[in-house]
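So the structure is just underneath, and the comments pick up after that.
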Amino acid sequence: MKKNSLVYILNPFLLVIFFIIFFYSSNLGEIITPLEIFSLILIFTLFEMLAFLIAAFTLKDLRKSSIFLTVITFIFLSYGYVHDLFNQIDYAKNIFRHRYLVPLIVLFLSLLFIYLKRKKNNYNNIYKIFFTTIIILIFANIFQIFTFNQKPTSVLSEYIAQEYVIEDNAPDVFHIVLDMYPTNKILESRFNFNNDKFSEELINLGFKNEDLKANYIRTMYSLPSTFNINHFYNASKSEINYMKETLHKFNMSVEGQLAKKLGYDIHEISTNDVNSFYSSFLGDFSRVFIRTSILRVIDDSSIPLHNLWINKNQKYFSENLDKLIHLSKEPNKTWTFFYSRPPHPPFIFNEDGSRNLTFNPYNAFSEDLSDTWTIKEKENFINQLKYVNKKIVDAIRLIISNSSNVIIIIHSDHGINNMSGKDKLTNGGLINEIYEEQFSTISYIYTPDYCSKNKDLIKTNINIIPTLLRNCFNIELENKENLQFWNAPNKEDFILIK
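The working numbering numbers the first residue of the sequence shown as 995 and each following residue consecutively.
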């Protein structure tokens, strides 16, 4: 065997690199740490090395081993994509199930192994075709990533260019978003749960309550619209790209830049923030990547594969809430944006804060609310919401005790999806009960006494920040139109509802 024959082991490893880069390029804009990418490469490289040694030992030929392992790797890492693709076709759902696909794959690989074992061929041309194809695919995805990161950005507000007087007694500002937190009316009518206690506790602490309407029904549009004080529906392509980028880069948003001009230290905290090496090594990126592989078969079974990711999937709700409390003790003036994934599914917490992970919480319902709410899922949602209520109220008490000169905004980004019907338009519109579920959101705002007690209603999320800046900072920002837009998943065609 020539020494340069060792190059044949490259194809399987390069194919792993391609699938990881492809998955990353399909999730541009998400927060993905280098360590999460490195962990996947390391884990699969170790498995590839072991598999290659076994294949080389049984086939007695590095070139045959390379081809065989390349085919196995392709099937292994593309299985989830193929499974999802055919499950979107009604007549193919029953055919392309795990119970049928897996035996067919095993049979195919067995026949391929026997063929390679018996066939006398050097397979140089096949290897070169595989190698060239994989390299082209890798560079195509790298180019896509590079062009995404090089896209131009734009400033969304003329107010950014203005100068502002920094007040000595400026309050700390805490902007808190609780994902998919519905109004008390919706909780009562759809979940049979009375949430008055939470409202009363906040009102007794000095909060003003106004039920609002979301302008958009999806987090990726609702939040950027809120803290950029701008609508998506009439924005340019560059503005849309910029706003979407600020979903994970609050300091770049109009709200963040205005706060910086007012002399604030800007902080961004999320319950998705990773707090340990283990969580970085086995975070959401690797968890979802596993779902695209043949390990999807195990993850869809009763075998608790998801428990490998428990540490990350707990979302560090309490730990990151402690960060928020700690910032209220800082001597410098801070403007903090805090995003909480709970009470939104997946259902991680029981009412007492213990982990609710007996079953895999990362099913289709929890990921995208694509299914209907069962009695058990409603119960899990309320239990998680009760835990969120308790932790939020406790945190607010501590923040206010640290300083009375503080502004606290608590609101949600959107309402409940797929409760009374599927998230689809009917005759170009939404029936009223679905409209109320999807667009009804909470808002509780605490301000110091010197803020103007203007009784004008905020009405929709997009005008939370302009109202705050007018009442507490004497910055005259005009309200945007109180419009609500529906859009289909993964589409940016915004349809005016009201």
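C-beta: ideal position from N, C-alpha, C; glycine also.
All figures in this text were calculated on a predicted structure; none of them were measured in a lab.
Buried versus exposed, by CB contacts within 10 Å (16 or more), R1112: exposed
Residue range of the beta strand (DSSP E) that E1262 falls in? D1259 to S1264
Taking the C-alpha atoms as reference points, what is the distance between F1496 and T1127? Not covered by the structure: residue 1496. The range shown for the chain is 995 to 1492.
How many angstroms separate the CA atom of E1538 from the CA atom of Q1478? For residue 1538 there is no data in the structure shown, the boundaries of the chain being 995 and 1492.
From F1331 to L1241, what does the alpha carbon distance come to, in whole angstroms? 11 Å
Contacting residues, own chain, Cβ-Cβ under 8 Å from D1259 (five flanking each side not counted): E1324, N1326, K1327, T1328 and W1329
Residue(s) in a DSSP beta bridge with Y1438: N1203 and I1404
Using beta-carbon positions only, say whether H1405 and I1458 come within less than 8 Å of one another. yes
Do we get a CB-CB distance below 8 Å when we pair I1197 with the residues of chain C? The displayed structure is made up of one protein chain only, and chain C is not part of it.
Since P1337 and F1375 are thought to touch, with beta carbons under 8 Å apart, how far apart are those beta carbons, to the nearest angstrom? 6 Å
What is the rounded straight-line gap between the Cα of G1200 and the Cα of F1467? 19 Å
Of all the options K1114, E1030, K1122 and H1092, which has the alpha carbon lying nearest to the alpha carbon of I1003? K1122
Quick check on this structure: which residue in S1193, N1476, L1419 and I1456 has the alpha carbon closest to the alpha carbon of I1489? L1419
Out of curiosity, what's the CA-to-CA distance linking L1110 and I1139? 37 Å
For L1172, the residue or residues it bridges with in DSSP: S1334
In the DSSP assignment, the alpha helix (DSSP H) including A1389 goes from what residue to what residue? I1369 to N1396
Contacts around I1015, its chain only, beta-carbon distance under 8 Å, and the 5 residues preceding and following it disregarded: I1132, N1135, I1136 and I1139
So what's G1423 in DSSP terms, helix, strand or just coil? strand
Determine, using beta-carbon pairs with one atom in the stretch 1438-1454 and one in the stretch 1183-1190, whether at least three such pairs fall under 8 Å. no
Euclidean distance between Cα positions of T1368 and S1183: 15 Å
Check L1490 in the structure and name its three-state DSSP category. strand
Contact check, L1462 vs S1334 under 8 Å by CB: the rounded distance? That belief does not hold up - the Cβ atoms of L1462 and S1334 are roughly 20 Å apart, past 8 Å.
Quick one: grab the DSSP three-state call for D1294. coil
Kindly identify the DSSP beta-bridge partner or partners of Y1210. F1479
Between L1451, D1443, Y1429 and N1448, which lies nearest to K1492 when the distance is taken from Cα to Cα? Y1429
Pick from S1219, E1249 and G1250: whose alpha carbon is nearest that of M1237? S1219
C-beta atoms of G1074 and R1285 nearer than 8 Å: yes
Measure from the alpha carbon of G1409 to the alpha carbon of each residue in G1423, L1040, Q1432 and A1229, then state which is nearest. Q1432
Which same chain residues end up closer than 7 Å to H1092 when comparing Cβ atoms and leaving out the 5 residues on each side of it in sequence? V1291 and D1294
What would DSSP say about R1349, mapped onto helix, strand or coil? strand
Report the residue ranges of all alpha helix (DSSP H) runs contained in full by the stretch 1076-1142; include only those spanning at least 4 residues, in chain order. 1092-1112
Proximity winner among V1382, S1216 and M1214, relative to T1265 (alpha-carbon distances): V1382
Determine the contact status of L1196 and K1453, defining contact as a CB-CB distance below 8 Å. no
Assign T1328 to one of three DSSP states: helix, strand, or coil. strand
To the nearest angstrom, report how far apart Y1158 and K1255 are at their CA atoms. 7 Å
May I ask you to list the residues that DSSP assigns as paired with V1167? W1329 and I1401
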